[in-house]
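Q: Mind having a look at this structure? Questions to follow.
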Amino acid sequence: QKEVEQNSGPLSVPEGAIASLNCTYSDRGSQSFFWYRQYSGKSPELIMFIYSNGDKEDGRFTAQLNKASQYVSLLIRDSQPSDSATYLCAVGLDNYGQNFVFGPGTRLSVLP
Amino acid sequence: DGGITQSPKYLFRKEGQNVTLSCEQNLNHDAMYWYRQDPGQGLRLIYYSQIVNDFQKGDIAEGYSVSREKKESFPLTVTSAQKNPTAFYLCASQPGALHTGELFFGEGSRLTVL
Chain A
1 QKEVEQNSGP
11 LSVPEGAIAS
21 LNCTYSDRGS
31 QSFFWYRQYS
41 GKSPELIMFI
51 YSNGDKEDGR
61 FTAQLNKASQ
71 YVSLLIRDSQ
81 PSDSATYLCA
91 VGLDNYGQNF
101 VFGPGTRLSV
111 LP
Chain Y
1001 DGGITQSPKY
1011 LFRKEGQNVT
1021 LSCEQNLNHD
1031 AMYWYRQDPG
1041 QGLRLIYYSQ
1051 IVNDFQKGDI
1061 AEGYSVSREK
1071 KESFPLTVTS
1081 AQKNPTAFYL
1091 CASQPGALHT
1101 GELFFGEGSR
1111 LTVL
């Protein structure tokens, strides 16, 4: 059974701080890794994707991948109250949605 | 504007009734997906379709049915055989090839069984 695990939270951070969200996965053959943000009652939207070991930065967001440890993380710098949402980690064998496994999500709360 | 439209947004069903959730996309995407989301759980794949007139079961297909008669449309029927249908249902799409893997989601349909 392929699994993706996330701390359900809530993770609370003060405004302006760095939020660190973590995700571990069980399938060593996984090749594609995605972070989605989902506001309450809304649909998920892609924040970042990463394929290679190391860091990938996009604005205030940094994705970190360590395939040896089967670990992917998302850092949010200068956290804003608008970042308060649930963050879903998705892991895939390839880029096709039928091969993705989603984690349960981590709820982030950024306190003003 | 291109996107995915799901309807209805909210739906109430009595036990024993079938209901159909609509999903229409104008992104010209080949692949379409139906996911179910329950509190505290990740998205789970119900059905997917890579091309018109073809679809495959996902991890939790029992009690559901789909059709793909047009590229733009991928309706999901929740049948009376689905034992616990109350959930948030998400339709998504992807281009056919050479893409980043991003799933494009509709706004979702929340089904409640009374």
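Chains as they are written, first to last, in the working numbering: chain A, 1 to 112; chain Y, 1001 to 1114. Don't be surprised by glycine CBs; every beta carbon is placed ideally from N, CA and C. Just so we're clear, the structure is a prediction, and the values are computed from it rather than from any experiment.
Might you give, ordered along the chain, the residues of its own chain that have their beta carbon closer than 8 angstroms to the beta carbon of Y1064(Y), omitting 5 neighbours on each side?
A: Once the five neighbours on either side are set aside, the close Cβ partners of Y1064(Y) are W1034, I1046, Y1047, L1076, T1077, V1078, T1079 and Q1082.
Q: At a CB-CB cut-off below 7 angstroms, which residues of chain Y make contact with P44(A)?
A: F1105, listed in chain order.
Q: For G97(A), name the three-state secondary structure that DSSP assigns.
A: DSSP places G97(A) in helix when its eight states are reduced to three.
Q: Could you tell me the alpha carbon to alpha carbon distance between E1024(Y) and S43(A), rounded to whole angstroms?
A: C-alpha separation (whole angstroms): 15 angstroms.
Q: For L75(A) versus S20(A), is the C-beta spacing smaller than 7 angstroms?
A: Yes.
Q: Can you tell me whether P1095(Y) is helix, strand or coil according to DSSP?
A: Note: P1095(Y) maps to coil in three-state DSSP.
Q: Skipping 5 residues on each side, what residues in its chain have a beta carbon closer than 8 angstroms to that of T1153(Y)?
A: For residue 1153(Y) there is no data in the structure shown, the boundaries of chain Y being 1001 and 1114.
Q: Would the beta-carbon of G1042(Y) fall within 7 angstroms of that of G103(A)?
A: It is a contact, given that the beta carbons lie within the stated cut-off.
Q: With burial defined as no fewer than 16 other Cβ atoms inside 10 Å of the residue's Cβ, what is the status of T1005(Y): buried or exposed?
A: With fewer than 16 other Cβ atoms within 10 Å, it is exposed.
Q: Using three-state DSSP, classify S82(A) as helix, strand or coil.
A: Three-state result, S82(A): helix.
Q: Mapping DSSP to helix, strand and coil, what is N22(A)?
A: If DSSP states are grouped into helix, strand and coil, N22(A) belongs with the strands.
Q: Given a cut-off of 7 angstroms on the beta-carbon distance, is the pair G1101(Y) and F49(A) in contact?
A: It is a contact, given that the beta carbons lie within the stated cut-off.
Q: Using a 10 Å radius around the Cβ and a threshold of 16 neighbouring Cβ atoms, would you call S8(A) buried or exposed?
A: Result: exposed.
Q: State the Cα-Cα distance for the pair E117(A) and S84(A), rounded to the nearest angstrom.
A: The structure shown does not extend to residue 117(A), since chain A is modelled only from 1 to 112, so the question has no answer here.
Q: Counting contacts by CB-CB distance shorter than 7 angstroms, is Y1033(Y) in contact with chain B?
A: No chain B appears in the structure shown, which is made up of the protein chains A and Y.
Q: Are any of the Cβ atoms in chain Y nearer than 7 angstroms to that of Q98(A)?
A: Output row for Q98(A): interface = yes.
Q: Under a three-way DSSP split, which group does P14(A) fall into?
A: P14(A) falls in the strand class under three-state DSSP.
Q: From which residue to which residue does the beta strand (DSSP E) around Q38(A) run?
A: S32 to Q38 is the extent of the beta strand (DSSP E) around Q38(A).
Q: May I have the straight-line CA-CA distance separating F1074(Y) from I1060(Y), to the nearest angstrom?
A: Computed Cα separation, rounded: 17 angstroms.
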